[in-house]
Structure formats: C-alpha cells, structure tokens
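First up is the structure itself, then whatever we jot down about it.
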Amino acid sequence: MPKKVYPANHAHPRYWGAWLGIGLMRAGALLPWRLKLALGRGIGLLSWKLAKRRRHITDTNLALCFPELDDRQRAELVRKTFVANGIGILETATGWCRDPEHLRHRVTFRGTEHMERAMAQGKGALIIGIHFSTLDLGGALHSLFFPADVVYRPHDNPVFEDFMTRARRGIFGAAIDRHDLRGVVRRIKSGHAVWYSPDQDFGREASVFAPFFGVPAASIKLTAKIARMTGAPVMPLMFHRNPDNRTYTLEYLPPLKDFPSGDDVADAAQVNAFIEQAIRRHPEQYLWLHRRFKTRPPGDSSFY
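full-length UniProt numbering numbers the first residue of the sequence shown as 1 and each following residue consecutively.
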C-alpha cells in the first residue's frame, strides 16, 4: 500500500479533523474528574456497541489468554475493556495537556528503591512499560518521581504527530522514534532511563515466538539486544488505575535477573512473563483491542 502524502500547509482542510481532535483533547483534559470518567465510560460503551471488528479482536484475545472464563464472564470482560480504554482516552488527554503535578495526590509509587539502586550504577536503565489504557498518563505520573526518555511510534498525520511529540517531550526528556536504535542506545549509555513498550506484534523478522499466556506470540528481540548493547538493567514497571477510579499505583519491580541470557526465546519469555503478571492485576485495562497474535508460526492459521 503506497504511503499517504500529506499537504505541507498545516491549515489545509485535510487537517481540520486532526485540529478538531486536538481541541477536544485539550478541552477534555480540563474537565472535572467525575465528568472525565463519565465521558470516558460513554465513549467506551459506544465503541463497544459499534466497533464490531475491534470487539471480535478483543474477544478472540481474551478467549486465548483466559480460557478459564465462560462465555458470560468473557463478554463482561470485553465490555469492561472497552470502558477502560474509553476512560483511557481522557487519561491520555490529561497526560498530554495538563501539568502532572496536579495529580500528585492521586499517585502511590512503590518500589522506588529498585529504580534508585539501578540508576546509581551509572549505566542508565531500560524501563519496560506496557500498553495499558493508562500508558500516557502513567508516563506523566512517572515523571513526577523519575526523569526518563520514551520510545514511541510516530503518527502518520503530521499535525497530530507534532502535537503528540510536543506533549511527550513535555513529559519525558526526549521522544525517540522506535526505529532509532542508535538514539536509544546513545541515551542509555549517557546515563538516561528510557521507557520502552515491547508488548506488541512487530512481525516475524523482528521477533521470536515465545509464550504469552501460554500461546506462542511474536515477541520482539530488541529488548535483549538493547540490554546487551548498553549493559543497562531492565526495569519492569507496573501502572494501573485503582478500583476507585480516582487514584493510580505505579510500582517498580527488581530488574530482570540474568538478562539478557543469550537465548532470544528465553529472554522474550521472561519479558512476556512480567507483562502477564502486570495484566492479571487489572486485565480490563490492557489494550486487548489490537491483534496481539497477528503473526503466527509457520503453518498456523490466523486467530482473527
């Protein structure tokens, strides 16, 4: 498929939808907390009703990862997932458009001693973030306690890319294109912590197949490669919205042990095991809407 060509003039009518979306995000970020939750729930429930393809993908992922759930339990978890991700849109807007200091009273941060000990080694750190609905707000809250850079996927639309990058650079020290491996390594070697999310399917060439909830999943090799190139500790970070829907918990665990091992499959399995552990705490907050098992081992048919 040919790459889309966008006009150079950001006032072009083609960008009006992006400008409208940015305006809505800025407005949503200023809403009172209860109104944000109500609006997010509404967005989530509307998407649950209308987005049949995404609902099918979510249901398929949950059936693979939680086979112990019966049809009713799984259907309820699908609905909760859409609600959580609807709220996540308002959380993202808040993370990008507001000073995170105004949310300090809503955050409990645990395991800070693990990060402090890791950074004291002077080798930087690679932080494993996860694609929860709270991802971007989690980054903003994290910045209240520890500085970090972030690896991200550039947006195709240049207007929204400019907005998103400016927002992330206001939270993080640097926003690094996910294809810029040298940039990631350079920042870590200079003593920085870099936030990186390795839990999506980037295709066969970049991956090995390692178990994820017991299912072979294309799991990227880059986490181990970066750790090997830098000698930096790999720090697992959990972050969730608490059941009260008003507060958040961020928690560092000790760095991955004996990582990298030199075995790409074993290393990917260790990363996946941590991601599973985090997801099981609040499974509805994970981004089950994407095709996590899109790439299959040779001979396997598509789940979707």
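Ideal Cβ placement from N, Cα and C applies to all residues, glycine included. Bear in mind the structure is a predicted one, so any value in this text is a computation, not a measurement.
- Apart from the 5 residues on each side of it in sequence, Thr-247 sits with its Cβ closer than 6 angstroms to the Cβ of Arg-106 in its chain, given in chain order.
- Note on the segment 91 to 174: whole alpha helix (DSSP H) runs with a minimum of 4 residues are 112 to 119, 135 to 142, 158 to 171, in chain order.
- Counting the other Cβ atoms within 10 Å of the Cβ of Leu-46 gives fewer than 16, which makes it exposed.
- For the 8 angstroms CB-CB criterion, Ala-232 and Lys-123 form a contact.
- The beta-bridge partner set that DSSP reports for Val-194 consists of Leu-126, Asp-149.
- By the 16-neighbour rule on beta-carbons within 10 angstroms, Glu-284 is buried.
- For Ala-93, the closest of Lys-257, Ile-22, Ala-224, Asp-70 by C-alpha to C-alpha distance is Ile-22.
- Excluding the 5 residues flanking it on each side, Ile-275 has same chain C-beta neighbours closer than 7 angstroms at Ile-130, Asp-199, in chain order.
- Here the alpha carbons of Cys-65 and Phe-303 stand approximately 12 angstroms from one another.
- Taking C-alpha positions only, Ile-87 is separated from Asp-180 by approximately 31 angstroms.
- Inter-residue distance for Met-164 and Gly-17 is about 15 angstroms (C-alpha atoms, whole angstroms).
- According to the DSSP assignment, Glu-276 belongs to the alpha helix (DSSP H) that extends over 264 to 281.
- In the three-state DSSP reduction, Pro-67 falls in the coil class, being neither helix nor strand.
- Going by DSSP, Arg-241 is part of the beta strand (DSSP E) stretching over 234 to 241.
- Counting only the Cα atoms, Val-151 lies some 24 angstroms from Thr-108.
- In this structure the segment 264 to 282 lies against the segment 203 to 211, because at least three pairs of beta carbons, one per stretch, are closer than 8 angstroms.
- Between Pro-147 and the set Lys-257, Leu-256, Ile-127, the nearest pair of CA atoms involves Ile-127.
- Beta-bridge pairing by DSSP links Asp-177 to Tyr-152.
- Taking the C-beta atoms as reference points, Pro-100 is found no nearer than 8 angstroms to Leu-35.
- Relative to Leu-250, the option among Ala-11, Asp-136, Arg-110, Ile-89 whose CA is nearest is Arg-110.
- Collapsing the DSSP output to three states places Tyr-248 in a strand.
- Residues His-10, Tyr-15, Ala-18, Trp-19 of the same chain have their beta carbon placed closer than 7 angstroms to that of Val-159, with the five preceding and five following residues left out of the count.
- Taking C-beta atoms as the reference points, Ala-84 and Gly-44 count as a pair closer than 8 angstroms.
- Per the coordinates, the alpha-carbon of Asp-177 lies some 6 angstroms from the alpha-carbon of Pro-154.
- Beyond the five residues adjoining it in sequence on each side, Ala-175 comes within less than 6 angstroms, by CB distance, of Val-150, Tyr-152, Thr-165, Arg-168, Arg-169 in the same chain, given in chain order.
- Counting along the chain, no beta strand (DSSP E) covers Ala-227; the unbroken alpha helix (DSSP H) around it starts and ends at 222 to 230.
- A straight-line Cα-Cα distance of about 8 angstroms links Ile-171 and Trp-96.
- Contact holds between the segment 47 to 56 and the segment 71 to 82, because three or more Cβ pairs, one in each stretch, are under 8 angstroms apart.
- Residue pairing from DSSP places Tyr-286 in a beta bridge opposite Phe-132.
- According to DSSP, Phe-212 shares a beta bridge with Val-215.
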